[in-house]
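Down below is the structure, laid out as structure tokens.
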Amino acid sequence: MSTGEYVDELIALAIRLQASDIHFDPFEERFLVRLRIHGRLVDIDQISGYEKWIHRQAVTRLKVLAKLSLVETRRPQDGYLHMKGNFGSCDLRISTLPTIQGERAVVRLIPGEVPDQTYVALGMTPLQAAQLQSVVNENAGMIVVTGRVGVGKSTTLHAVLADRSNCGNSILTIEDPVERRVSGYQQVEVDERIGLTFAQGLRAALRQDPDVLMVGEIRDEATAKIAVRAALTGHLLLSTMHAELGPQVVYRLIEFGIPIEYIRQVLKLVIWQTLHPIDCTICAGAGCSACKTLGVTGRKAEFSLFPSESIADFLCQPISHDVFKTPYTHEFSEIGGHADAKERSHVSRDRELTR
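So in our numbering, the last spot in the sequence shown is 463, and the numbers never skip.
Right, here's the structure in full:
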């Protein structure tokens, strides 16, 4: 089998198994290929001895297609490529990292054209969807989506952008990187090598007469302050923050130096989301051929929404690091619930935590 055929078959397998990432892991005596399926890493191929060259050549081929330097194996590299084959077409993002065992690579599979999804289709309850829709219809303010890495925060943001793009708005996004190319709005990719940071991109975007702005992540004080200024000056601003719990968004904004009064004015909605595995209905999570021994058939999104009224009430209380310990209190109440939905969908949170 040629290197090209090996890569094509591997990508086709990843697509068929609904994998999000392909891992190429070098070790002293072997080379391991794994797929991230429904949040879990599954071994796919393991070769030792002479045949390890196939895996190395596969990484080299991906680097060539992504226009990465072949001679540079001492520094991390990132690239993007679009591939076509028997599997159809797929966008890929490749990231390499030098290790003492050799060059490691991870390939992220990015969905192509994704049909517009309603908020209920994403996993929200009708009550939550109605609350989000009411905020999205406003001309100014700030919506922050939070949760762990890989829970679908960008998917939620793009659903909101698709909603607003149907209203004849000027929409700009600043992302790191741009993973999903969308024809309905302009997208800017962060490049810190030339000084194009989130803050710099957002500052420039404000001079482009936008109606809606999306900044991929608020990760520093400069970006936070410009984002708040944008929301205060008549723009709807969407972003994400890494926080385990919804209330932590408020605390982090305060840490970034944002006055409480400004937070009360601009922060219209905090969306916390996570993903939970859905048990296979055939084997009830034990693992069978239908679920490819994984015990799960997918993952289901769960949302908690914290509207401006709850945020304002929360800001009236003494704020301490307790917000990092208490998920939801009466001072910061959420909208909607998923108890019934989780029961109907065989969501196996407790079992997943014990794996």
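Using N, Cα and C, we set each Cβ at its ideal position, and we do this for glycine too. Predicted model, so just to flag it, every value in this text is computed and none were measured.
Distance between residue j and residue i (C-alpha atoms, nearest Å)
i	j	result
residue 431	residue 162	Any reading at residue 431 must be qualified, since the residue scores a pLDDT of 49, below 50, and its modelled position is unreliable; the value itself is stated next. Each residue's Cα considered, the two are about 50 angstroms apart.
residue 415	residue 322	19 angstroms
residue 440	residue 341	The pLDDT assigned to residue 440 is 49, lower than 50, so where the model puts this residue is not dependable, and the model offers no usable value.
residue 395	residue 123	20 angstroms
residue 180	residue 303	23 angstroms
residue 136	residue 184	20 angstroms
residue 434	residue 410	For residue 434, the pLDDT reaches just 46, beneath the cut-off of 50, and the residue's location in the model is therefore unreliable, leaving the point undetermined.
residue 127	residue 143	6 angstroms
residue 287	residue 189	10 angstroms
residue 404	residue 170	30 angstroms
residue 131	residue 229	30 angstroms
residue 245	residue 352	27 angstroms
residue 436	residue 356	At residue 436, the pLDDT of 43 sits below 50, so the modelled position is not reliable; the number obtained from the coordinates is stated separately. Spanning the two alpha carbons is a distance of roughly 11 angstroms.
residue 264	residue 305	23 angstroms
residue 399	residue 209	33 angstroms
residue 335	residue 238	25 angstroms
residue 111	residue 233	47 angstroms
residue 156	residue 125	25 angstroms
residue 277	residue 154	50 angstroms
residue 385	residue 350	21 angstroms
residue 193	residue 359	48 angstroms
residue 367	residue 274	34 angstroms
residue 240	residue 370	21 angstroms
residue 256	residue 387	21 angstroms
residue 390	residue 117	28 angstroms
Extent of the continuous beta strand (DSSP E) to which residue i belongs
i	result
residue 376	375-387
residue 243	Taken as a continuous stretch (DSSP letters only), residue 243 belongs to no beta strand (DSSP E), being part of the alpha helix (DSSP H) at 234-244.
residue 404	404-415
residue 130	127-134
Cβ pair residue i, residue j closer than 9 angstroms
i	j	result
residue 407	residue 146	yes
residue 348	residue 207	no
residue 324	residue 282	yes
residue 176	residue 202	yes
residue 211	residue 205	yes
residue 200	residue 119	yes
residue 151	residue 215	no
residue 260	residue 381	yes
residue 114	residue 165	yes
residue 354	residue 262	no
residue 346	residue 268	yes
residue 300	residue 285	no
residue 344	residue 317	no
residue 270	residue 225	yes
residue 423	residue 148	no
residue 289	residue 314	no
Extent of the continuous alpha helix (DSSP H) to which residue i belongs
i	result
residue 111	111-124
residue 341	Premise fails: residue 341 is in no alpha helix (DSSP H) and is neither H nor E.
residue 313	306-313
residue 272	261-273
residue 363	355-363
residue 228	227-230
Bridge partner(s) assigned by DSSP for residue i
i	result
residue 185	204
residue 153	141
residue 190	199
residue 210	207
residue 347	252 and 323
residue 297	283
residue 173	Paired residues: none, contrary to the question.
residue 217	200
residue 148	145
Per the contact definition of three or more C-beta pairs closer than 8 angstroms, is the segment 373-385 in contact with the segment 243-260? yes
With three or more C-beta pairs closer than 8 angstroms as the rule, is the segment 353-372 touching the segment 322-339? yes
Does the pairing of the segment 417-425 with the segment 289-298 give three or more beta-carbon distances under 8 angstroms? no
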